[in-house]
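Residue numbers (the working numbering): -13 to 346.
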């Protein structure tokens, strides 16, 4: 069991702590961040029953240091200090692909690893594509549940883990996650070629071969497939690469059912809005929506104060007061504030998948 120290604060750490009992081979030792995040780190520690310890002590007691992406654009000097400290203390150093893209790590080559989990034989996918004389798309013999999102930061990772935990109670399930932290739960991650500047067709073929490789594992019943970014441009301010990644994934793999994550919504037109988003997802990607999950993240639209989208991560007290009464809505909704209700909705959606396709 490796004890991990995570830097810096990131909203996904809340999801990590909420699902700590399902970590595979890891235990959270603590968190380090910028002084501006002191209150947030205190809250994370409180949720885990951890004491606030000096950085030097945390580092000493940890086996592995994990660097997350700099989502708020703070000065990166502290990243390099953490890297040097981890190396000098002979700690395993893992860096997310997003964090790697934000840092100059040339002088640290060979001293860290990316936080990613890929199946063996990834080189064969590149070789197969290079040598391919005609396009070959394989059928995936295992049912696939896709976790789509209205956009970034809409609790896709939370729902991927929740679905994984529910399905693993009865089935042999593998999860391919959109979040590098999924590695800590035994999930595969997205292959880097998906995000490279390569032709659309090449990405589709390679991704199909990637999922086929995963699907060939013994006794597998179902694949939970996270899908990066959002299903459409949002308010003409966030284009989500014009839904390139959902289009690539849904073209590469026949998805049997979608779980659709939306931003936080409320109000008298909530049911209408949810139905419109689900209809759009179904029509654009040719996949039935089995359930919808309303996220704990709200979006503030650009105005004279904000030049771009602002994501508001709503706290538990606010959500308890304002989260919509989903029982009044005539749609299958995952209540992420109530695990039992959420699990019931997921199981109901899976039963419908079984009845419709006799798949699992």
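Cβ coordinates follow ideal geometry from the N, Cα and C atoms, glycine included.
Check residue 191 in the structure and name its three-state DSSP category. helix
Quick check: the Cα distance between residue 319 and residue 149, rounded to an integer number of angstroms? 13 angstroms
Taking just the CA atoms, how far does residue 17 sit from residue 346? With a pLDDT of 45 at residue 346, under the threshold of 50, the modelled position of that residue is not reliable, and no figure is offered here.
Determine the direct distance from the alpha carbon of residue 135 to that of residue 227, and round the result to whole angstroms. Unreliable placement is indicated for residue 227, whose pLDDT of 49 sits below 50; the coordinate value is still reported in the next sentence. Looking at the two C-alpha atoms, the distance is approximately 13 angstroms.
Three-state secondary structure (DSSP) of residue 59: coil
Nearest-angstrom Cα separation, counted from residue 201 out to residue 260: 32 angstroms
Taking contact to mean 3 or more Cβ pairs, one atom from each stretch, closer than 8 angstroms, check whether the region 123 to 131 and the region 171 to 183 are in contact. no
Which of the three DSSP states is assigned to residue 78 in this structure? strand
If you draw a straight line from the C-alpha of residue 55 to the C-alpha of residue 84, how long is it? 5 angstroms
Run through the region 226 to 269 for me and flag every whole beta strand (DSSP E) of 3 or more residues, listed as ranges in chain order. 243 to 248
With 16 other CB atoms within 10 Å as the buried threshold, where does residue 146 fall? buried
How is residue 100 classed by DSSP in three states: helix, strand or coil? strand
Any chance the region 181 to 200 sits against the region 248 to 266, with 3 or more Cβ pairs inside 8 angstroms? no
Could you name the residues that DSSP lists as bridge partners for residue 283? 299
Which residue wins for smallest C-alpha separation from residue 328, given the options 247, -12, 258? 247
Indicate whether the contact test is met: 3 or more Cβ pairs, each with one atom in the region 7 to 16 and one in the region 44 to 62, closer than 8 angstroms. yes
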